[in-house]
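Q: First, the structure itself, so that you have it in front of you.
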Amino acid sequence: MTPKDFSAITGLPVCGKPLKYDMEAHKKPKEVVRLFGTPIASLINTKIKYRDIVEKYKGWKPQTAVQEHHLAKVDEIKDYNWGGAGLSCLYLSMDAISRRIVSSSGGYWRAWEVWACEYLKPLALSRPCTDEDSQWPRALRWLSAPDVRETSHNLEQFRITLRYITTDQVNWYPWGTDDTTLPHYVQSSIPATKQRILLQGPAGYAWYLGERVAVQSLGAPDQRIPKRPPPTMLKDMKVYAVDNKTKASLKGFKADDWFAEKADYGVFRNEYVRYKHYPSVTDNVSFSFPNGPS
1 MTPKDFSAIT
11 GLPVCGKPLK
21 YDMEAHKKPK
31 EVVRLFGTPI
41 ASLINTKIKY
51 RDIVEKYKGW
61 KPQTAVQEHH
71 LAKVDEIKDY
81 NWGGAGLSCL
91 YLSMDAISRR
101 IVSSSGGYWR
111 AWEVWACEYL
121 KPLALSRPCT
131 DEDSQWPRAL
141 RWLSAPDVRE
151 TSHNLEQFRI
161 TLRYITTDQV
171 NWYPWGTDDT
181 TLPHYVQSSI
191 PATKQRILLQ
201 GPAGYAWYLG
211 ERVAVQSLGA
221 PDQRIPKRPP
231 PTMLKDMKVY
241 AVDNKTKASL
251 KGFKADDWFA
261 EKADYGVFRN
271 EYVRYKHYPS
281 VTDNVSFSFP
291 NGPS
């Protein structure tokens with residue numbers, strides 16, 4: 001799932017100011033009120049939604065310069081990289097699941113389900129609630145969609161389906177091929193999609209590697225072979241003191257600078273990624289992709 005995908009599904013842009021995390025903020029109600037003013041006091045011990053904050057401050061009329069500053073602080077909330085924080089949590093939860101550290105990805109499995117419905121025809125629900133591609137964020141058109149898949153709760157069947165899925169069964173451009181028609185929050189996530197970038201979240205740091213999904217991230221006609229990732233990548237999830245290298249990673253690098261010189265992606269995939277455990281499906285596999293945006 002790319003930043004562009006995540007933004008199209010959730011409505012959160014993957015861009016903006018970096019967040020500064022204080023995991024003890026819930027224990028400091030006076031500090032929160034000092035920063036944002038008295039209207040937020042009643043929300044401190046609850047799950048705070050942005051629309052609840054907006055509602056609290058909508059009719060509030062500042063009487064002093066300090067209160068005007070509080071209102072400006074609330075308005076600035078939208079300028080931070082909430083999408084990057086959410087996508088980082090999604091990546092870290094998937095990493096934890098793959099290592100069997102946890103058994104569930106939490107609420108983020110909803111984003112993956114919508115992603116699968118949009119991208120993978122064999123795994124999609126019977127139909128979305130609305131067939132209009134103009135429905136944004138795209139998760140809205142799958143709310144309450146009927147699930148008539150006979151294998152909807154059969155994990156092994158899903159694994160078999162994914163093992164044998166072919167490129168013609170994938171919708172490579174679910175958001176269309178003209179980026180200028182996309183909502184502003186999706187368009188603002190495109191620069192991050194074209195990068196290899198370290199995303200910062202409340203649970204840690206997670207890498208997004210645009211070079212590994214070149215068809216989606218760069219509009220390439222086919223997949224490209226990525227360079228081997230540097231060993232330091234494995235440490236960055238646990239970084240707490242941000243050094244210069246980490247700062248550069250948080251700004252991102254151009255994804256197309258991270259391609260290997262080898263040209264045969266089919267051999268690379270068979271050897272390193274997918275089919276080394278399933279030799280029966282290595283023959284007669286097509287690696288062609290439809291034309292997409294440049």
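The opening residue of the sequence shown carries number 1 in full-length UniProt numbering; numbering runs sequentially from there. All residues carry an ideal CB built from backbone N, CA and C; glycine is no exception. If you're wondering where the values come from, they're calculated on a predicted model, not measured in any experiment.
Can you give me the C-alpha to C-alpha distance between T38 and K27, rounded to a whole angstrom?
A: Position 38 of the sequence shown, counted from the first residue, corresponds to residue 38. Position 27 of the sequence shown, counted from the first residue, corresponds to residue 27. The straight-line gap from Cα to Cα measures roughly 16 Å.
Q: Report back the beta-carbon spacing between K56 and L43 to the nearest angstrom; my notes put them in contact at under 8 Å.
A: Here the question's residue 56 lines up with position 56 in the sequence shown. Here the question's residue 43 lines up with position 43 in the sequence shown. Contact flag correct, Cβ pair sits at about 7 Å.
Q: Let me check one thing: in DSSP terms, what residues is W207 bridge-paired to?
A: Position 207 of the sequence shown, counted from the first residue, corresponds to residue 207. Paired residue(s): L198.
Q: Can you give me the C-alpha to C-alpha distance between W258 and G252, rounded to a whole angstrom?
A: By one-based count along the sequence shown, residue 258 stands at place 258. By one-based count along the sequence shown, residue 252 stands at place 252. Cα to Cα, W258 sits roughly 12 Å from G252.
Q: Along the chain, where does the alpha helix (DSSP H) containing C15 start, and where does it finish?
A: Taking the sequence shown and counting its residues from 1, the one referred to as residue 15 is at position 15. C15 -> no alpha helix (DSSP H), and no H or E assigned at all.
Q: Nearest to L12 by CA position, among S88, C117, S249 and P122, is which residue?
A: Here residue 12 is taken as the residue at index 12 of the sequence shown, counted from 1. Answer by Cα proximity: S88.
Q: Skipping 5 residues on each side, what residues in its chain have a beta carbon closer than 7 Å to that of D52?
A: Mapped onto the sequence shown, residue 52 falls at position 52. Only L43 meet the Cβ criterion.
Q: Kindly indicate the opening and closing residues of the alpha helix (DSSP H) around G113.
A: Residue mapping note: residue 113 aligns to position 113 of the sequence shown, counting from 1. A small fix is needed here, since residue 113 is Glu in this sequence, not Gly. That run of the alpha helix (DSSP H) goes W109 to Y119.
Q: Using the rule of at least 16 other Cβ atoms within 10 Å of the residue's Cβ for burial, across every protein chain shown, is L90 buried or exposed?
A: Residue 90 sits at position 90 when you count from the first residue of the sequence shown. Classification for L90: buried.
Q: List the DSSP bridge partners of P226.
A: Locating residue 226 in the sequence shown gives position 226, counting from the first residue. According to DSSP, which records beta bridges pairwise, P226 is partnered with F259.
Q: Taking the alpha-carbon positions, what's the P221 to D264 distance?
A: What you label residue 221 is simply residue 221 of the sequence shown in a count that begins at 1. What you label residue 264 is simply residue 264 of the sequence shown in a count that begins at 1. When rounded, the distance between both Cα atoms is 14 Å.
Q: Taking three-plus beta-carbon pairs below 8 Å as touching, is the region 71–78 in contact with the region 103–116?
A: Short answer: they don't touch.
Q: Which residue or residues does DSSP assign as beta-bridge partners of F253?
A: Position 253 of the sequence shown, counted from the first residue, corresponds to residue 253. DSSP, once it has assigned bridges, lists R196 as partnering F253.
Q: So what does DSSP say about V102, is it helix, strand or coil?
A: The count along the sequence shown starts at 1 and reaches residue 102 at position 102. If DSSP states are grouped into helix, strand and coil, V102 belongs with coil.
Q: Mark Y208 as exposed unless 16 or more other C-beta atoms lie within 10 angstroms of its C-beta, in which case mark it buried.
A: Taking the first residue of the sequence shown as 1, we reach residue 208 at position 208. The residue is buried, with at least 16 neighbouring Cβ atoms inside 10 Å.
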